[in-house]
Amino acid sequence: MQALTNKAKVVERKPMTVWERLYLPAIAQGMSITFGHIFKKRPTINYPEKQRPFSPVFRGLHVLNRDEEGRERCTACGLCAVACPAEAITMEAAERLPGEEKLYREEKYAAKYEINMLRCIFCGLCEEACPKDAIYLSETFAPSNYTRKGFIYGKDELLIPDPKTQPEEYAKARGNK
Amino acid sequence: MLLGIDWFFILEKSILIAAIISLSLVVAMYSTWAERKVAALIQDRRGPNRAGIFGILQPLADGLKLFMKEEIIPNLSNGFLFVLGPGLAMLTAMMTSAVIPWSSHLELFGRNIDLQIADINIGILYIFGVVSMGVYGIMIGGWASNNKFSLMAAIRGASQIISYELAMGLSIIALLMLTGSLSLKTIVEQQQDHLWNIVYQPLGFLIFLVCAFAECNRTPFDLSEAESELNFGYHQEYSSMKLGFYLFAEYVNMFISSAVMATLFFGGYDIPFINDASFGDAHGQNLLAILQGLSLFVKVAFFIFFFIWVRWTIPRFRYDQLMRLGWKGLIPLALINMVITGFIVLLKANDWHF
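Going down the list, the protein sequences come from chains A and B.
Convert by adding 906 to the 1-based position in the first sequence; the result is the number in the numbering used here.
Convert by adding 2 to the 1-based position in the second sequence; the result is the number in the numbering used here.
Laid out in structure tokens, this is it:
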């Protein structure tokens, strides 16, 4: 049969020479290879102590953002929930009462804001949908948990620290976004 | 003297036995750690490094895990033999250490304490006898499990060990023609005065080494526990510390056969490049004995490393290849080695005249 391509390689099936049949030279060769590997640099890192940096476009856990004065940006418009292909986001809106101007930037805010991290596919569409720049995806991932309930993140987990009172934590959570 | 028994002698030997048994157990324990560590290094991984510094407590954790596991005895197995199997494997592994000279002798309390449990004049024969008993651990365990895979593995193990024992014995005969003694202590003392036996018997050592791998059921000859074809073979049905005993016995065997190899071919407790007798006169017998013990230990450690190194390099033999190597390769080679050695020994005895 004619070969379709010239990639086929004829395998040589010569009987082994005496040197090859001795096994020992080949074994010594193999052992020198494995011995050489002992001194090679290992690609593994000791994970919890050392961590590799994520790329700046990494899409990890969500963060609910605040503005420069520490007010929540979210107005509970629901665009993120609509954009979410996995239907992981739920929220309940509430009206800002007089005296709460320091807490919420606009008259309406999210009283409850939950993301189910088991449903979330970390596509980042919520970030793109948000008109108020209130949600973005950070460079961390959801840690393990014992229950499914533990993966439903509420406002207390999602909200970024106040830049006024906790500037260091704010900067850390903010990263280089 | 009560009943004419030398109580100090009995005390001394009991302490020595306890020390050597615990030593071989500790060495076996840390061989498991070394196995995992060397395997990791060879495969560019890190190996156990969580339990203690460098994972040094890993064997303790493994042992604890094995103790905590549920002990399962299959319903249709032969209960007595099922329990006897791992016990026999461990017993035979430990018994061999009785005749190995670990060092020369200590001088304590005005007595010469030999660091050898028993210097019997048929030392090597004893080792061969006990080692060939070792196959009963595998046979009985595999048979009592009442499982096809285990039985198959047991049969494989038995036939393999019997085949390789022949070549091993023949390779030793050539060595014995040179030494003229079966006592391990005498063999070591001869090597202290002359060159090590490896110089006179390189081929014999090679055959012995290959056979030792087969006797210990180590890769490339671990056909009796071939996990990919026999589901771990003879210890498939075992759990908990009974499994631990089998695994442990393998490492004890490795330790003992390393010690035997070092004793027979690498001068035993002889310290290389140093005249031991004059060193003992200059610095005291006790220091010499300790250093000699260390010297043997270094040799043993090297051989254990070698066992591990080979395991993570060479793939397993196919069964027919194993048998061909044993019967058609090693036995004729050992016979030729024996004949040539005998010829030279005779010639030498005859002052190099025909």
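All C-beta atoms, glycine included, are put in the ideal place defined by N, C-alpha and C.
Find the nearest neighbour of ARG1054/A within the set GLY936/A, ARG972/A, ILE1066/A and ARG1025/A, judged by alpha-carbon distance. ARG1025/A
Do the CB positions of GLY1005/A and ASP1068/A come within less than 9 Å of each other? no
Just verifying my parser: in three-state terms, what is the DSSP assignment at ILE58/B? The answer is coil: DSSP assigns ILE58/B none of H, G, I, E or B.
Thinking C-beta only, is MET997/A closer than 9 Å to GLU1020/A? yes
In angstroms, rounded to a whole number, what distance separates the CA positions of PHE223/B and VAL969/A? Cα-Cα distance, rounded: 58 Å.
Assigned exposure category for PRO954/A - 16 Cβ within 10 Å defines buried: exposed
Going by alpha carbons, who is nearest to SER183/B out of PHE84/B, PHE308/B, ASN199/B and ASN123/B? ASN123/B
Just the chain A side, please: which residues come within less than 9 Å of TRP314/B by C-beta, in chain order? THR940
So, LYS71/B versus SER260/B, is the Cβ gap smaller than 9 Å? no
Which class does TYR953/A belong to by DSSP, given the choice of helix, strand or coil? coil
Three-state class that DSSP yields for LEU93/B in the structure shown: helix
Output, in chain order, the set of chain B residues within a Cβ distance shorter than 7 Å of THR950/A. ARG47 and ARG48
Between which residues of its own chain and LEU332/B is the CB-CB distance below 6 Å, once the five residues before and five after are set aside? Hits under 6 Å: ALA169 and ILE209.
I need the boundaries of the alpha helix (DSSP H) containing ARG326/B, first residue and last residue. 321–326
Are the C-beta atoms of LEU108/B and some chain A residue less than 9 Å apart? no
The stretch 156–172 of chain B: positions lying closer than 7 Å to chain A by Cβ: Listed by position, the residues of the stretch 156–172 of chain B near chain A (Cβ gap below 7 Å) amount to none.
Select from the stretch 955–978 of chain A all residues with a C-beta closer than 7 Å to any C-beta belonging to chain B, and list them in chain order. none
For the alpha helix (DSSP H) that VAL341/B lies in, which residues bound it at each end? 333–351
MET937/A CB to nearest chain B CB: under 9 Å? yes
Considering just the uninterrupted stretch of the alpha helix (DSSP H) at ALA303/B, what are its terminal residues? 287–313
Partners in chain A for LEU296/B, counting only beta-carbon separations shorter than 7 Å: Going along chain A, no residue has its Cβ under 7 Å from LEU296/B, so there is no contact; the nearest lies around 24 Å.
Count the other CB atoms within 10 Å of the CB of TYR1052/A; is the residue buried (16 or more) or exposed (fewer)? Exposed, because fewer than 16 other Cβ atoms sit within 10 Å of the Cβ of TYR1052/A.
Report yes if the CB atom of SER147/B is closer than 9 Å to the CB atom of TYR236/B, and no otherwise. yes
If we ignore side chains and look at the alpha-carbon of each, how far apart do TYR1015/A and GLY984/A end up? 11 Å
At which residues does the beta strand (DSSP E) containing ILE1021/A begin and terminate? 1014–1022
Give every residue of the same chain whose Cβ lies closer than 7 Å to the Cβ of ARG318/B, excluding the five residues on either side of it in the sequence, and list them in chain order. These residues qualify, in order along the chain: THR221, PRO222, ASP224, LEU225 and ALA228.
I need the DSSP call for ALA992/A, collapsed to helix, strand or coil. coil
How big is the Cα-Cα spacing for ILE44/B and PHE275/B? 32 Å
Could you pull the start and end residues of the beta strand (DSSP E) that VAL969/A belongs to? 968–970
Residues of chain A with a CB under 7 Å from the CB of ILE44/B: which are they? THR940, HIS943 and ILE944
Need the endpoints of the beta strand (DSSP E) that ASN219/B sits in, please. Segment: none, ASN219/B is in no beta strand (DSSP E) and carries neither H nor E.
Give me the subset of the stretch 915–938 of chain A whose CB atoms are less than 9 Å from a CB atom of chain B, sorted by chain position. Answer in chain order: TYR929, LEU930, ILE933, GLY936 and MET937.
Spell out the partners DSSP gives GLU109/B in its beta bridges. ASN114/B
So for LEU1009/A, helix, strand or coil by DSSP? coil
If I follow the unbroken alpha helix (DSSP H) through ILE1041/A, where does it start and stop? Run containing ILE1041/A: none in the alpha helix (DSSP H); it sits in the beta strand (DSSP E), 1041–1043.
Backbone CA spacing between GLU1033/A and THR1071/A [nearest angstrom]: 25 Å
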